[in-house]
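Quick note: the sequence shown uses this note's numbering, first residue 1, plus one each step.
The C-beta atom is built at its ideal place from N, Cα and C for all residues, glycine as well.
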Amino acid sequence: MTLKDMKPGQKAKVLKINHGGNLSRRLFQIGLIPGAELTVISQHPFKGPVVFELGNATFALGQGVAGAVEVYTNENK
1 MTLKDMKPGQ
11 KAKVLKINHG
21 GNLSRRLFQI
31 GLIPGAELTV
41 ISQHPFKGPV
51 VFELGNATFA
61 LGQGVAGAVE
71 VYTNENK
């Protein structure tokens, strides 16, 4: 499952980022690393951003980037 597949209110742990280069470094800088816990706040329609909470901060990622973030939820079992 990826971040873009999640629904508002779902919680997950990051498994891995399937993207390299500068984007991967930027996600690392904001704390989006394997093992990080996040909660999806909203999914905007028409391929809009995924808004999520990570620690005490709120972030938004586009669908392309959110699709590169593999996550684990209790529903993955």
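Practice task
Check the DSSP bridge columns for E37 and list the partner residues they point to.
Solution key: For E37, which the question treats as bridged, DSSP gives the partners K13.
Handout entry: Boundaries of the beta strand (DSSP E) in which L61 is found, first to last residue
Key = 57-61
Exercise for the section: Could you tell me the distance, in whole angstroms, from the CA atom of G55 to the CA atom of V65? Expected result: 19 Å
Exercise for the section: Pull up the DSSP beta-bridge partners for F52, would you. Expected result: DSSP lists V40, F59 as partners of F52.
Practice task
Just the C-alpha distance for L38 and E70, rounded to the nearest angstrom, thanks.
Solution key: Taking the straight line joining both Cα atoms gives about 12 Å.
Practice task
Within its chain, find whatever has a CB closer than 6 Å to the CB of A60; leave out the 5 residues flanking it on each side and keep chain order.
Solution key: P49, V51
Handout entry: Classification of A12 by the beta-carbon crowding that lies within 10 angstroms, buried from 16 upward
Key = buried
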